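For reference, the structure discussed in these notes is given below.
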Amino acid sequence: MSHIVLRDVRKTYRMGNNLITALDGVSLEIEAGQLTVVLGPSGSGKTTLLNLLGGLESPDSGSVRVGDQDIAGLKNGKLTAYRRHNVGFVFQFFNLLPTLTALENVALSAEMADGYAYGRAHDPAEMLARVGLGDRTDHYPGQLSGGQQQRVAVARALAKNPALVLADEPTGSLDVQTGIDVLKVMRALNRETGQTFVLVTHNSAIAGIADRVIRVGSGKVQNIINNPDPFEPDEIEW
Amino acid sequence: MLKTLRRKTIGDLKANWSQFLAVWLVVTLGTTFYGTMYPAAINLLDSIFRTYDQLRYLDFQVQLEPVGPEAVEPVRAIPGVAYVEGRLIVAGGWQVDPAQQYQVALRLISLPDAGEPDVNRLDITGGADIQGPGDILVHKTFADKHDIEPGDTLNVAIAGEIVPLRVAGLVFSPEYIVAGRDSNDPFPTPTVFGVAWMRYSDLAVRAGQDGRINDIVIRLEGKSEDNKGQLEDDVRAALVNLFPDAAVFSRQQTASGSIIHANINGNFPVMGFYSGMFLIGGIVITGILLARLVESERQRIGTMRAMGITRRELVLHYLSYGFLIGLTGGLVGSVLGYLNSFWFMGTFLTYIAGGTLPGFVNLPQFPFILLGLVLAVGGATLAGAYPAWTQSATPPGIALRPAAPKTLNAISRVKLGFLPVVVRQAVRNLLRSPGRAAGTALGVLAGSMMLFSALALWDMMALNFGQYFDSTDFDLRVDLDSFQSGEAVEAQMRGVEGVEAAQAALIGAVVIVNPAGDALDTIAVTVDETDPYFDLVTTNGADAFSSTDGVWIGHNIERVLGVGVGDTITVIAQGIEQQAVIRGIVSQVIGSPVFVPRSLMMEWTGGMFPVNSVLVRVKKDQDAAVREAVIGLPGVHAVTVLDEFDDDLNHFLQFYRINTLMFGGFGLILALALLYNTVNASLRERRDELAVLRALGTSGWEIGLSVTLEFLVMVVIGALIGVPLGRYAGYFLATAYDTDYFGYITYLAPLSYVVGLAGMLLVVLLAEIPGLRAVHKTDLGQVSKSQSF
C-alpha cells in the first residue's frame, strides 16, 4: 500500500532576480513501512523533496498525498499539526536544542505528540536506551560526540511514534563507523515499528540498505529501483 | 506551554545568563530611574504643599511704610482671604564676634505677643518657644551655618543699639525654605544673611516702632494645591487698591516662593522627561536585545517548527524570556526606584531646605509604579514575543538554512572590491542585516540623547553660574545707609588698610517697562563705565559699558520682557522715568539687572552721581581685616564678602549639580549598557562566522578592526541624530526652570561633544573585548566540524 504519493510536484525558489527550479514535475510513490532512500547529488532537489514530504514547505503545484491527506494545499496551522502528529525529522547537523539534556530533547518530541500520534509516544528514556544512550540521558548536546548527537536526534524523531520518519543526510556529518551505527539503529527501528522511513543522501553506498531507491537529478526523478534484498548497514562499504 | 519548553527557558537563561542579566539590568535600571524621578517630584510637591498648609504659608505679602495695626482690618474683609497677619520687620545685624564691629545681616520679624501667628507659622525644630522679652527664635539653616544653639546669646543690632538676645529655639519657616533676601537676591546666603523672630512688643519697642507694622501677610481660603487663579487676581487687585504705594508680592514673587516655584515648574518636566526616557529607553533596548537573541535562535526555531511546535507555543516560549525579565526587573526596579527617591528628596532637603521640611512625605506612587511595572512587563514581554512571532513565520524549511541577506538585491550586490577586506567585511555585515544595524543605531540614538541632554544641562549650569561668579571683579560689596557722594566714599575706602581699589556704585530698585507696556520690578546697577568692576559677558550687541548712550540688560529681561538690542525701554526709579536704548545683552543667570553707565545716569540726574554702595578690591588674604575696618566707618550699613556669598550659592547649587550628575550618570549607564549589549549580542551572533574567518587565516587584529568599523558606522549614524536631539532636549528642560529672575543661557560645550562621543566610542571598544576574546578562544577544530547552530 502506498503511504506517500506525489503527483506532478513543482517547487521553485526565487534568488534575487533568478528563479531556481528545485523540483520539476516530480511524481512518485513510497510504500508504507519501507525504508526508502532518495539519492542524488547536491542541488538535485532531494532536500526540497524531503521538506515537501515533511510539510516544511509547500509545493507551487501538484499534490503530496501522505496517507489519506493531501498536504500540498494545507495552510500553516494544518501543516504544523501534520508535522506534530505524523512526522519525525533527523537532520544532517542534528539540530538538538543545546540547552536541553539528551533526555529533555527526546521528551520534548514525545510530550508534543503524546496521545495524538500514530501510536502512543514512547518513553523518552527507553528511546534513548534503544539508541544505545541510556547512560547519557543527562548529558547536554555539547557533551556528546557527533554520532551520539545524531542518535539522540533519531530517538527524538521516533519518540513521538510518528508514521513517517524523514532523515536528511543523517550520516553526512559523521565518520563511517558512526554513520553505520546510526543507520543500524534506524534500520532496526524501521523493522521493529513498521514506520515509513525516508532517507535523503548523496552517498550511493547507503542506497544498498534501502527497500526502495529513488534517484533524483536536476529536479526530476531519474529512476526508482526496488530492492527486495537490502544489505544490512554493517555490510556497507564506502 | 509545553513542559519541556519551560525547561528550555530555564536552560536558556542559565546558558546565556550574562546576556539575559545584561537585559535584566537594563529593564531594572530603566524601571529604577523611572520610579525615582517623577514620583520624587510628586512627593516633593506634596511635601511642600503640606508644609505650606500646615504652617499657613502666605499667598500674598504687602510691604509698606510703617502704619498702624488697624491697616490689616480692610484686608480681612477682602472676599477669599482666610487669614491676615500684620508684622513688623526690622533690618538688624548680628555681631558675630563681640570684639569686632562686623555684623551679619539679621532680619528680625515680629510674632504676636501671644500664641502663634495666623499666617507663616513656625515649626520649632530645636529648643523651645519664646519664654519672654529678650528671647528670639533663629532660622535653623542660619543657626546651623554659624553653630548657634538654643541657649546661646547673640549680640544683635537693632536700631543702632547692640542688645544681647537669648536663642530660645531654632525654627523652620515656610517663608524661608529658601532663605533668600528678596526676589532679586533669592538664593540663600546664610553666611551673611539670617532671619530671627521676636515677640512684637519686644521688637517694636527696641526698634522704636511701637504700634507700627510694615508688613502684611495674607493667606487665602483653600489649600495650596488648589488652582486659585481668579481669586488671586481679585485679591491682588483689592490689595493694590488698598495699598497703592506698597509693594504687593504673590507667593511666587517672594524669594523662597519664587525659587520653590521654579523648582516645581522645572522638576516636573525634567523628572517626567527622564522618567519616560529611562523607561522607554529600557524597553526599546530590551526589545532590540531580545530581538537579537531570538534572531540568533533562527535555526532552533526552524527545528522546533519542523518538529511540529506551533507558532503560539513558540511565541509563548520566547515571550516567557521577556515576561520573566520584565516582571523581575520591573519589581526590583520599582522597589529600588522608591528607595532611591528618598535619596533624591534628601538632596533637596539638604541643599535647598536646610535639612528639614515639616510636611515631608514620600509615599509610594502606586498608580505610577503600577504603570511602570505594566509597561516594563508588557514591553519586555512584547519585546520577546514579537520577534518570535515574526521568526516563526519563516517556513521551517527556510529557517533551517542559514539566513539569506535581507537587503535589496541592488544593495546587497554593491561591488566593494576596491575596499580593503576588513572594511569590505564591515560594510557587508551592515548591508546584510540592515534591520540589526538600524536597531543598533536607534539604541545609540536613544543613549546619546540621554547622555547629551544631561551634558547640556551640566554645561548650562557651569557656563551660567561660571559667568555669574566671574562677573564680579571685586571682593567686598559695601552698602551704605544713605546716598553719598561717589568720590568721597571711594576716597574713604581707599584709605582703609588692605584696600587695593574701590569703586562707587548706585544699586537700587527700578521698574523696567517695555514698549508694549509690560513691567518688571528689578534692580539697576550704575558704575563708572571707564573701569567697571563688573566683568560682564555680552551675549548680544555691543560690549558691556562700551558706550554711554544706552544700557545693558541681563538676559532674563530680554526673555521676560521680549526686548532686544536697539529697543528702547523705560526705566522708572523713585517715580522718575527715563528712556534708555538697549545696547547689549549680558549673561546674568540670577536676577534681571539692568546695567547703566555712570555718564548716562549723570545725564538723567543733572550731573549728580549719588551712590549707595562701594565695590572694593582687597589685597590678598585681607578680606576679614578690611571687612572689620570698613564696617566701622560711618554710614556703612553692611559688608558682603563675595567669596562667602559664592560659597553659600555653591552649596545651594549642589542640589542641581547632583541632579544633573544623576541624570547624566543614569543616562550614561543606560547608553553604555545598550552599547555594551548591542556589541556583545552582535558578536555572539557571529561568533562562529568570525571563528571561521580566523580558521581561514584572518588575523585577530583584522577581525577586531572590521568589527570596530562596523560598530563605528552605527555609532556615527545614531549619534548624528541623537546628539542634536539630546542637546535640544537639554535646552528645553533648562527652560522649565525659567522665572522672571532666573534662567539659563542655552549651551553645550565643545569639550562635552568630545568627551561624550569619546566615552561612547570607548565603551564600544571595551564591549568588543569579551566577544572578540570568545572568538579567539573558539576551538577552530570544532568550527570546521559543526554548523553555527
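Respectively, the protein sequence lines represent chains L and R. Under the numbering used here, the first residue of the first sequence carries the number -16, and numbering increases by one thereafter. Under the numbering used here, the first residue of the second sequence carries the number 14, and numbering increases by one thereafter. Built from N, CA and C at the ideal position, the CB exists for glycine as well. Computed from a predicted structure; not experimentally measured.
Based on DSSP bridge pairs, tell me the residues matched to residue i.
i, result
"residue 260/R", "76/R"
"residue 37/R", "BP columns for residue 37/R are empty, so no partner."
"residue 547/R", "485/R"
"residue 626/R", "492/R and 518/R"
"residue -4/L", "3/L"
"residue 89/R", "Partner(s): none; residue 89/R has no beta bridge."
"residue 183/R", "139/R and 151/R"
"residue 151/L", "183/L"
"residue 96/R", "232/R"
"residue 581/R", "594/R"
Name, please, each residue of chain L whose Cβ falls closer than 7 Å to the Cβ of residue i.
i, result
"residue 410/R", "34, 39 and 40"
"residue 236/R", "In chain order: nothing, as chain L lies at least about 59 Å away."
For residue i, go through chain L and note every residue whose CB falls closer than 9 Å to its CB, in chain order.
i, result
"residue 312/R", "76 and 78"
"residue 305/R", "None at all; the shortest Cβ gap to chain L is about 17 Å."
"residue 316/R", "72, 74, 78, 79 and 80"
For the alpha helix (DSSP H) containing residue i, name the first residue and the last one.
i, result
"residue 139/L", "129 to 142"
"residue 650/R", "Not the alpha helix (DSSP H): residue 650/R falls in the beta strand (DSSP E), residues 649 to 654."
"residue 410/R", "409 to 412"
"residue 639/R", "636 to 644"
"residue 273/R", "268 to 308"
"residue 767/R", "763 to 790"
"residue 195/L", "Counting along the chain, residue 195/L falls outside any alpha helix (DSSP H), though it belongs to the beta strand (DSSP E) covering 195 to 200."
"residue 720/R", "713 to 748"
"residue 243/R", "242 to 255"
"residue 389/R", "379 to 405"
"residue 505/R", "499 to 507"
"residue 33/L", "29 to 36"
Name the chain R residues that come within less than 7 Å of residue i, Cβ to Cβ?
i, result
"residue 95/L", "15, 320, 321 and 322"
"residue 72/L", "319 and 320"
Counting along the chain, where does the beta strand (DSSP E) carrying residue i start and finish?
i, result
"residue 534/R", "532 to 540"
"residue 878/R", "Residue coverage of chain R in this structure runs from 14 to 802, which leaves residue 878/R outside it and unanswerable."
"residue 206/R", "206 to 212"
"residue 10/L", "1 to 14"
"residue 165/L", "Here residue 165/L belongs to no beta strand (DSSP E); instead the alpha helix (DSSP H) covers 159 to 176."
"residue 571/R", "Counting along the chain, residue 571/R falls outside any beta strand (DSSP E), though it belongs to the alpha helix (DSSP H) covering 568 to 574."
"residue 46/L", "44 to 49"
"residue 203/L", "203 to 209"
"residue 170/R", "166 to 171"
"residue 64/L", "Per DSSP, residue 64/L belongs to no beta strand (DSSP E); it is in the alpha helix (DSSP H), 59 to 69."
"residue 192/R", "Looking at the DSSP string, residue 192/R is not in any beta strand (DSSP E), and its letter there is neither H nor E."
"residue 590/R", "589 to 599"
"residue 348/R", "From DSSP, residue 348/R is part of no beta strand (DSSP E) but of the alpha helix (DSSP H) over 324 to 364."
Assuming the contact rule is C-beta atoms closer than 8 Å, residue i and residue j should be a hit. Round their C-beta distance to whole Å, please.
i, j, result
"residue 584/R", "residue 525/R", "6 Å"
"residue 57/R", "residue 278/R", "That pair is no contact at about 12 Å."
"residue 100/R", "residue 195/R", "Contact doesn't hold; Cβ gap of about 16 Å is too wide."
"residue 178/L", "residue 148/L", "6 Å"
"residue 107/R", "residue 169/R", "6 Å"
"residue 743/R", "residue 470/R", "5 Å"
"residue 511/R", "residue 638/R", "5 Å"
"residue 40/R", "residue 339/R", "6 Å"
Mind pulling the chain L residues with CB within less than 8 Å of residue i?
i, result
"residue 18/R", "91"
"residue 428/R", "Going along chain L, no residue has its Cβ under 8 Å from residue 428/R, so there is no contact; the nearest lies around 15 Å."
Listing by chain order, which chain R residues have their CB less than 8 Å from the CB of residue i?
i, result
"residue 63/L", "318, 321, 322, 323 and 324"
"residue 83/L", "17, 20, 21 and 24"
"residue 68/L", "321"
For residue i, return the contacting residues in chain R, with the cut-off set at a CB-CB distance below 9 Å.
i, result
"residue 87/L", "17, 20, 21 and 24"
At a Cβ cut of 8 Å, what residues of the stretch 149 to 181 of chain L count as close to chain R, listed as they run along the chain?
156
Relative to chain L, which residues along the stretch 24 to 45 of chain R have a C-beta separation below 9 Å, given in chain order?
24, 25, 26, 27, 28 and 29
Taking any Cβ of chain L, which residues in the stretch 346 to 373 of chain R have a Cβ under 9 Å from it, in chain order?
none
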